[in-house]
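Residue 2 is where the sequence shown starts when you use our numbering, and the numbers rise one by one after that.
C-beta: ideal position from N, C-alpha, C; glycine also.
All figures in this text were calculated on a predicted structure; none of them were measured in a lab.
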Amino acid sequence: MRKRLILLITLICLSLFAPRRVHAAPHADVEADSAILDFPNTVTFSATLKSSAEIVSVTLEYGSEQLNCGEVVAKAFPEFQPAVQTDVSWTWDMRQSGSLPPGAAIWWRWRYTDSAGNESLSEQKTIVWLDDDHDWQTITSEDVYIHSYGLSDGAAQSMLDAGIEGIRRNEQQAGMTPDIPVQIYVYPGYDDMRDAILYEPQWTGGLAYSDFSIIIMGASGDMEFDAATVIHEVTHILVGRNAFTCIGSIPTWLNEGLAVYNEGPLDENMKAQFDIALRDDAFFPIRSLSGNFSEIPEKALLSYAQSHSVVNFMIETYGQEKMSQLLAALSNAEPVDDALLKIYGVDTDGLDAAWRQSLGLSARMAAQATAQPTPTYVPTYIPIEGIPQAITATPGAIPTSSFNANHSDTDSPIPLVALTIGFVCACLVVLLIFVVILRTIIARRAHTKGGKHG
2 MRKRLILLIT LICLSLFAPR RVHAAPHADV EADSAILDFP NTVTFSATLK SSAEIVSVTL
62 EYGSEQLNCG EVVAKAFPEF QPAVQTDVSW TWDMRQSGSL PPGAAIWWRW RYTDSAGNES
122 LSEQKTIVWL DDDHDWQTIT SEDVYIHSYG LSDGAAQSML DAGIEGIRRN EQQAGMTPDI
182 PVQIYVYPGY DDMRDAILYE PQWTGGLAYS DFSIIIMGAS GDMEFDAATV IHEVTHILVG
242 RNAFTCIGSI PTWLNEGLAV YNEGPLDENM KAQFDIALRD DAFFPIRSLS GNFSEIPEKA
302 LLSYAQSHSV VNFMIETYGQ EKMSQLLAAL SNAEPVDDAL LKIYGVDTDG LDAAWRQSLG
362 LSARMAAQAT AQPTPTYVPT YIPIEGIPQA ITATPGAIPT SSFNANHSDT DSPIPLVALT
422 IGFVCACLVV LLIFVVILRT IIARRAHTKG GKHG
């Protein structure tokens, strides 16, 4: 009987120390859950939340569907009036965080807790980040989607064909294939495209967002030029996704070199700069082209042309399979020099020497990066009118995000009263055990004395 009493008291006391858990309700009571776009500046999330007890905590969890190293969940804490039913609203300002590409999918959900400790999580919803002021038309193939307005049917079809051809060339020449369809948003002109994004260079004619598998570009009016632009941008998407890594980076000369290589022969401006550099032995060390290219037009054109020549040399000399192996190695976060040594038997400087030798030039005495003006953002494609001078990009801030492997229930803190009661119970258990032991000793002594008298 005593043992059962001790066990019962112990279990009661220990239960007070067990952390209480807040469980997400299977069906949150949410009404008017919506997102309103003010493209390209803001998106405002709003909803009416309900619970059986007063709502005391509200969190908006949101993000975009893109290629990431892990699950990225941004959190916002909107102001609200505690009540059993409350209206909440919060605005994501792209002018502060930096803009998403048109066509990106934005998701959101509401997580809230009431005074009884019940946690509710609304169903996740999505909306496409795109203006609705225009009549967007879409034509598709299996791996390419062309979204456009103000574009002729013939021009749209030409771009779709170019996208399909770009995928074919990349698979044939570098073994790269798309994991998801490439979404291409085409604007009637460059100015229209620039109005749709924030904080991008005003001389940009096309941008590839490989994390989203999205391309945006302006139409030039020259179908042949636009087709080359599509192929160039598709290559950037495939390079970015096939060589995606959370550690390390893809050297710019390789990324841009593959893009220009897949377009076909160099255009006249690039070829002219390349020929001058070949005549004067004025090429950049390949290692110096690993980062951003110069903003000076002539140097930028030479950087693209030289990168094209290096990639052409690698594929023509060593074959497509080694290029595929190089991209796979970079995706596995191997340093560029280590990957080149393993696959080609030379590092970046050795590649530089071999490439120069193929052009009839002697090796450099020392492959050191040459000083260049302050670099800026590298466009994924140069508009037909070329690059204006002295223009720099204005970067935006990154929204605060939390990185969660999963969404676990939240442990609630133990109240002070429970701690006090638990401490008292523990003391009672110890005291009870002491009393039981003491009584046992006394009983045994009495039994011993009784035996002696008998």
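**Prompt:** DSSP state of Ile168, grouped into three classes?
**Reply:** helix
**Request:** Give every residue of the same chain whose Cβ lies closer than 8 Å to the Cβ of Asp30, excluding the five residues on either side of it in the sequence, and list them in chain order.
**Result:** Leu50, Lys51, Ser52, Ser121
**Item:** Straight-line gap, Glu499 to Ser325 (C-alpha atoms, nearest Å)
**Value:** Within the shown structure, residues of the chain are numbered from 2 to 455, placing residue 499 beyond reach of any answer.
**Asked** What's the C-alpha gap between Ile385 and Ser221?
**Response** Reliability of the predicted coordinates at Ile385 is poor, the pLDDT of 34 falling under 50, and the value obtained from them is presented with this limitation in mind. The straight-line gap from Cα to Cα measures roughly 7 Å.
**Item:** Neighbourhood of Arg170 by C-beta distance below 6 Å, restricted to the same chain and skipping five residues each side
**Value:** Around Arg170: Asn263.
**Asked** So, are the CB atoms of Trp93 and Thr60 less than 8 Å apart?
**Response** no
**Message:** Helix, strand or coil for Ser308? Go by DSSP, reduced to three states.
**Reply:** Correct three-state label for Ser308: helix.
**Request:** Flag this pair as touching only if the stretch 59 to 77 and the stretch 101 to 116 have three or more C-beta atom pairs under 8 Å; answer yes or no.
**Result:** yes
**Request:** Quickly, what does DSSP pair Ala36 with across the bridge? List them, please.
**Result:** Phe46
**Message:** In whole angstroms, give me the CA-to-CA distance for Met315 and Ile344.
**Reply:** For Met315 and Ile344, the distance between alpha carbons rounds to 11 Å.
**Prompt:** Is DSSP giving Glu72 helix, strand or coil here?
**Reply:** coil
**Prompt:** Taking buried to mean at least 16 other C-beta atoms within 10 Å of its own C-beta, is Glu296 buried or exposed?
**Reply:** buried
**Prompt:** Excluding five sequence neighbours on each side, which residues of the same chain lie with their C-beta closer than 6 Å to the C-beta of Thr127?
**Reply:** Here the set comprises Ala106, Trp108.
**Item:** Backbone CA spacing between Phe285 and Val347 [nearest angstrom]
**Value:** 18 Å
**Request:** Sort His233, Ala244, Pro298 by Cα distance to Ala260 and report the nearest one.
**Result:** Ala260 has its Cα closest to that of His233, out of His233, Ala244, Pro298.
**Item:** Sequence-distant residues of its chain with Cβ nearer than 6 Å to Pro182 (five each side left out)
**Value:** Taken in chain order, the residues that qualify are Asp144, Tyr146.
**Request:** Could I get the ranges of all uninterrupted alpha helix (DSSP H) runs contained in the stretch 182 to 262, with 4 residues as the minimum, in chain order?
**Result:** 191 to 196, 224 to 243
**Item:** Alpha-carbon to alpha-carbon, Asp227 and Pro189
**Value:** 11 Å
**Asked** What does DSSP give as the partner residues of Thr105 in its beta bridges?
**Response** Reading off the sequence, residue 105 comes out as Ala, not Thr. DSSP lists Trp130 as partners of Ala105.
**Request:** Kindly give me the distance between the Cβ atoms of Gly292 and Thr253, rounded to whole angstroms, as I take these residues to be in contact under 8 Å.
**Result:** 6 Å
**Message:** Just to confirm my understanding: we take Arg365, look at its own chain, exclude 5 residues before and 5 after, and list those with CB closer than 6 Å. What are they?
**Reply:** none
**Prompt:** What does Gly64 pair with, by DSSP beta-bridge criteria?
**Reply:** Trp108
**Request:** Determine the closest residue to Leu328 out of Phe40, Gln82, Ser214, Asn243, with distance taken between C-alpha atoms.
**Result:** Asn243
**Prompt:** Helix, strand or coil: which one does DSSP assign to Ser58?
**Reply:** strand
**Three-way DSSP call (helix, strand, coil) for Glu80 in this model** = coil
**Request:** Report yes if the CB atom of Ala209 is closer than 8 Å to the CB atom of Ile238, and no otherwise.
**Result:** Taking 8 Å as the Cβ cut-off, Ala209 and Ile238 qualify as a contacting pair.
**6 Å CB neighbourhood of Ile248 in its chain, flanking five on each side removed** = Ala334
**Request:** For the beta strand (DSSP E) holding Trp91, just list the boundary residues, first then last.
**Result:** 86 to 94
**Request:** Take Asp88 as the anchor and find which of Glu62, Ser47, Tyr113, Val57 has the nearest alpha-carbon.
**Result:** Ser47
**Message:** For the alpha helix (DSSP H) containing Glu269, name the first residue and the last one.
**Reply:** 269 to 281
**Item:** Whole-angstrom C-beta distance between Val129 and Gly104, which should lie under 8 Å
**Value:** 6 Å
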